[in-house]
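A.B. asks: First, the structure itself, so that you have it in front of you.
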Amino acid sequence: MAHAAIERFKALESAFFETTKRSERLSARFAAAACLSAEDDVPTLVRRSLRERDAIAQQISRWKAPSGALRLVYGAALAASRRDGGGLVKMIDALAAERKRRGGRSLSAGGARAALILVCAGGSYSQAGMFYDVLEEIAAPWWRRRPAEEEGFAAIMTAAGETPATAAERLARAEMSLKAAGAPRSIMSTSRFDVAVANPRVDDFTSAWTALSIAVRQRRGLLRRASWAGIATLAAQVEDGSQAGDALVEADRFVQEHRPRVNGMAAGRLAVRLAAVMTGVRSPGGAAVDLAAILAAQAAVIATTTAATAAVVVAT
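As numbered in our numbering, residues 81 to 396 make up the sequence shown, in order.
Okay, structure coming up:
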């Protein structure tokens, strides 16, 4: 019998499929993933997700972020956190007003991603200034900057009431954990944010990383699909690496056999997401979980669109 988290995902996915267009299946899947940890029943979550998606559409121009099918994923994250689309729009406006007041860099996705995380994590509009304070403290030089990851992390830290100095300390400790575990240097610039959110002890992270690294090699292609970055995210969130490894193997088997097929990077991200829920995450408030689902959907949508465009170019 499949794990309860897998059965819940199947029920959520099926419900989202029934209420959305066929062309929105990728977003519907990640909307289901964003709702996995919510306590409400499936019909309630789907109904609220659609309601918040429509609320976003009514208040934001179709040309502004979040745009297109991603609005469904945003709506699902809001529904899972029991927040509303109106609150998201107000937070976007609050961040934009603060940036105009103080100057500085523009936010990626028009500030929508950072606003969503702040809202879902329980942040208030009055924290817009602190968000920029944290962002300025942890931002890398422009030639090494990772805007989406930096802004997401700053939003989570702000909502949690952390100071800029504490946020920077968490990043430094995350880098220490990744180095101690022997993680590839190629994932350091992005994975340090996910690890810093969970803020595990160095020894705990190293132990979980080692156990997961062994587990993923038991199933052909799993490491390639889940990626070292996915392993780092999971290792930071769980307490028992061996249990998480077993969960990831089970989740990957489900994703590979699932129909309609899940393709590309979406398959690996979904398996990691399922494994985290199956094992039990220790990230605060669920904000990191929502962030992971949303960024995964964003990356998958971009990848799918790029691949489709390339196919058209080749064909012509």
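Glycine included, every Cβ here is placed at the ideal spot set by N, Cα and C.
Quick one: what does DSSP say PRO221 is sitting in, helix, strand or coil?
C.D. replies: To locate residue 221, count along the sequence shown from 1; it is residue 141. DSSP places PRO221 in coil when its eight states are reduced to three.
A.B. asks: Within a Cβ cutoff of 8 Å, which residues of the same chain sit near ILE294, ignoring the five residues on either side of it in sequence?
C.D. replies: Taking the first residue of the sequence shown as 1, we reach residue 294 at position 214. Around ILE294: GLY325.
A.B. asks: Is ILE140 helix, strand or coil when you go by DSSP?
C.D. replies: Locating residue 140 in the sequence shown gives position 60, where the first residue counts as 1. Reduced to three states, the DSSP call for ILE140 is coil.
A.B. asks: Output the distance between the C-alpha atoms of GLY365 and ALA331, rounded to the nearest integer angstrom.
C.D. replies: By one-based count along the sequence shown, residue 365 stands at place 285. By one-based count along the sequence shown, residue 331 stands at place 251. Caution applies to GLY365, whose pLDDT of 43 falls short of 50 and renders its modelled position unreliable; the model cannot decide the point.
A.B. asks: Taking C-alpha atoms, which residue in ASP120, GLY344 and SER206 lies nearest to GLY167?
C.D. replies: Mapped onto the sequence shown, residue 167 falls at position 87. Taking only the C-alpha atoms, the option nearest GLY167 is SER206.
A.B. asks: Within 10 angstroms of its Cβ, does ILE267 collect 16 or more other Cβ (buried), or is it exposed?
C.D. replies: For this step, residue 267 is matched to residue 187 along the sequence shown. Label assigned to ILE267: buried.
A.B. asks: At least one CB of chain C closer than 9 Å to the CB of ARG185: is that the case?
C.D. replies: Annotation note: the requested chain C is absent from the structure, which comprises a single protein chain.
A.B. asks: Is it buried or exposed for THR386, if we count other Cβ within 10 angstroms and need 16 for buried?
C.D. replies: As a first step, residue 386 must be located in the sequence shown, where it is residue number 306. Low per-residue confidence applies at THR386: pLDDT is 41, beneath 50, and the placement is therefore not dependable, though the value from the model is reported in the following sentence. THR386 should be labelled exposed.
A.B. asks: Residue range of the alpha helix (DSSP H) that CYS200 falls in?
C.D. replies: Your numbering for residue 200 matches position 120 in the sequence shown. Where CYS200 is concerned, the enclosing alpha helix (DSSP H) stretches over 192-200.
A.B. asks: Looking at the structure shown, is THR313 part of a helix, part of a strand, or coil, going by DSSP?
C.D. replies: By 1-based counting over the sequence shown, the position of residue 313 is 233. In the structure shown, THR313 sits in a helix (DSSP, three-state: H, G or I).
A.B. asks: Using C-beta distances below 7 Å, list every residue in its chain close to GLU132, excluding the 5 sequence neighbours before and after it, in chain order.
C.D. replies: Locating residue 132 in the sequence shown gives position 52, counting from the first residue. When the five nearest sequence neighbours on each side are left out, the beta carbons in the same chain lying within less than 7 Å of the beta carbon of GLU132 are those of GLY155, LEU158, ALA159, ASP164 and GLY165, in order along the chain.
A.B. asks: Report yes if the CB atom of ALA327 is closer than 9 Å to the CB atom of VAL275, and no otherwise.
C.D. replies: As a working mapping, residue 327 is identified with position 247 in the sequence shown. As a working mapping, residue 275 is identified with position 195 in the sequence shown. Going by C-beta atoms, ALA327 is not nearer than 9 Å to VAL275.
A.B. asks: Count the other CB atoms, across all protein chains shown, that sit within 10 Å of the CB of TRP143; report buried if there are 16 or more and exposed otherwise.
C.D. replies: Within the sequence shown, residue 143 is the residue found at index 63, counting from 1. It is exposed - the Cβ of TRP143 has fewer than 16 other Cβ atoms within 10 Å.
A.B. asks: My understanding is that ALA219 touches GLU230, with C-beta atoms under 8 Å, so please give their C-beta distance in whole angstroms.
C.D. replies: Numbered from 1 along the sequence shown, position 139 holds the residue referred to as residue 219. Numbered from 1 along the sequence shown, position 150 holds the residue referred to as residue 230. Yes, they are in contact, since the Cβ atoms of ALA219 and GLU230 sit about 6 Å apart, within 8 Å.
A.B. asks: So, does the segment 294-305 touch the segment 235-243, judging by three or more C-beta pairs under 8 Å?
C.D. replies: no
A.B. asks: Check for me: the alpha helix (DSSP H) holding LYS180 runs from which residue to which?
C.D. replies: As a first step, residue 180 must be located in the sequence shown, where it is residue number 100. First-last of the alpha helix (DSSP H) with LYS180: 165-182.
A.B. asks: Report buried or exposed for GLU87, applying the criterion of at least 16 other Cβ atoms within 10 angstroms of its Cβ.
C.D. replies: On the sequence shown, position 7 is the one that residue 87 refers to. Exposed, since its Cβ has fewer than 16 Cβ neighbours within 10 Å.
A.B. asks: State the start and end residues of the unbroken alpha helix (DSSP H) segment that holds GLU242.
C.D. replies: Locating residue 242 in the sequence shown gives position 162, counting from the first residue. From DSSP, GLU242 is part of no alpha helix (DSSP H); its letter is neither H nor E.
A.B. asks: Using 8 Å as the Cβ pair cut-off and three pairs as the minimum, do the segment 133-140 and the segment 178-185 touch?
C.D. replies: no
A.B. asks: What would DSSP say about ALA368, mapped onto helix, strand or coil?
C.D. replies: Taking the sequence shown and counting its residues from 1, the one referred to as residue 368 is at position 288. Because the pLDDT of ALA368 is 49, which lies under 50, any placement of that residue in the model is unreliable, and the question is left without a value.
A.B. asks: Going straight from the alpha carbon of GLU255 to that of ASN343, what length do you get?
C.D. replies: If you number the sequence shown from 1, residue 255 lands on position 175. If you number the sequence shown from 1, residue 343 lands on position 263. Answer to the nearest angstrom: the Cα atoms are 31 Å apart.
A.B. asks: Tell me the rounded alpha-carbon separation between VAL335 and GLU178.
C.D. replies: As a first step, residue 335 is located in the sequence shown; it is residue number 255 there, counting from the start. As a first step, residue 178 is located in the sequence shown; it is residue number 98 there, counting from the start. Answer to the nearest angstrom: the Cα atoms are 42 Å apart.
A.B. asks: If you reduce the DSSP assignment to three classes, tell me which class SER129 lands in.
C.D. replies: As a working mapping, residue 129 is identified with position 49 in the sequence shown. Reduced to three states, the DSSP call for SER129 is helix.
A.B. asks: Closest to ARG398 by C-alpha separation, out of LEU92, VAL214, PRO146 and ILE236, would be which residue?
C.D. replies: No answer is possible for residue 398: it lies beyond the span of the chain, which begins at 81 and ends at 396.
A.B. asks: Are the Cβ atoms of MET358 and SER307 separated by less than 9 Å?
C.D. replies: As a position in the sequence shown, residue 358 is number 278, starting the count at 1. As a position in the sequence shown, residue 307 is number 227, starting the count at 1. Contact flag unset, no.
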